[in-house]
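Each residue of the sequence shown is one higher than the one before, starting from 1 at the first, in the numbering used here. Glycine included, each C-beta is placed from N, C-alpha and C at the ideal position. Note that the structure is a prediction, hence the values are computed from the model and not measured.
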Amino acid sequence: MAHGQRLLASLLACKALALGATSSFALEAALGVAAVDEGDDRRRPAAMLHAGFNDNWQSNALYYGRVNGPVREETYLASVSRRWSPFSSKNVVASLGAAILDEKLTIAYEDAADAAQDLTENNYNAGLAFGLTWLPFRGTGPLYFAASWDAHIFGAGQGTFFLSTGRKESISLLLGMEMR
1 MAHGQRLLAS LLACKALALG ATSSFALEAA LGVAAVDEGD DRRRPAAMLH
51 AGFNDNWQSN ALYYGRVNGP VREETYLASV SRRWSPFSSK NVVASLGAAI
101 LDEKLTIAYE DAADAAQDLT ENNYNAGLAF GLTWLPFRGT GPLYFAASWD
151 AHIFGAGQGT FFLSTGRKES ISLLLGMEMR
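As structure tokens, then:
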């Protein structure tokens, strides 16, 4: 009888592990659009790439820029965050993690006489990322749709010691696939 109970307990444990593995494994991939505010109350359009892993981790990448005469500004922002459901709803998710920022400024004159004044500058920074996401179709099929608010806070160089920060705030819509 003890041998049968051990066998039954082993089978139940294997079944529980298998159910846990299948229900916790998830992979999300999505593309979307975002509006980014850099603290100047002007939203800039951006492209966004999202990847989610096992319902616990997510990674986002934002790209946006603009051209004004010989000046080209480009911003690349990437974040990796741990996420969880702060409420009893599985459709609202909060996230907290780290972010890396690269702001690239290029000044390229078309006139050969001004070419000596051409400039390319990369400014890198690391900071914190946090956000709230609404996932109306989470876990119901292969469709992944998300509406998200994310904030990225960066220390502003030496001014960080004086609590001076830079921020990038985005509101985004993402569409893609979810595999469970």
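### Query
Ordered along the chain, which non-local residues of its own chain (more than five positions away) have a Cβ less than 6 Å from that of T133?
Once the five neighbours on either side are set aside, the close Cβ partners of T133 are V93, A146 and S148.
### Message
Cutting at 6 Å between CB atoms, please list the residues of its own chain near L143, excluding the five before and the five after it.
### Response
Same-chain partners within the cutoff: F137.
### Message
Using CA atoms only, rank isn't needed, just tell me which of I107, N60 and H152 is closest to P70.
### Response
That would be I107, whose Cα lies nearest to the Cα of P70.
#### Entry: Cβ-based burial, Y124 [other Cβ within 10 Å; buried from 16]
Using a 10 angstroms sphere on the CB of Y124, the tally of other CB atoms stays under 16, which defines it as exposed.
#### Entry: Per-residue burial, V36 [other beta carbons within 10 Å of its own, 16 or more giving buried]
Residue burial is scored here from C-beta neighbours: V36 has at least 16 other C-beta atoms within 10 angstroms and is therefore classed as buried.
### Task
Flag this pair as touching only if the segment 39-48 and the segment 79-92 have three or more C-beta atom pairs under 8 Å; answer yes or no.
With a cut-off of 8 Å, the segment 79-92 and the segment 39-48 do not count as touching, because too few Cβ pairs lie within range.
### Task
Starting from the C-beta of S59, find all residues in its chain whose C-beta is less than 6 Å away, skip the five residues before and the five after it, and write them out in chain order.
Scanning its chain for C-beta atoms nearer than 6 Å, with the 5 sequence neighbours on each side dropped, one finds around S59 the residues A51 and V80, in chain order.
### Query
If we ignore side chains and look at the alpha-carbon of each, how far apart do N68 and K104 end up?
Their backbone Cα atoms lie some 14 Å apart in a straight line.
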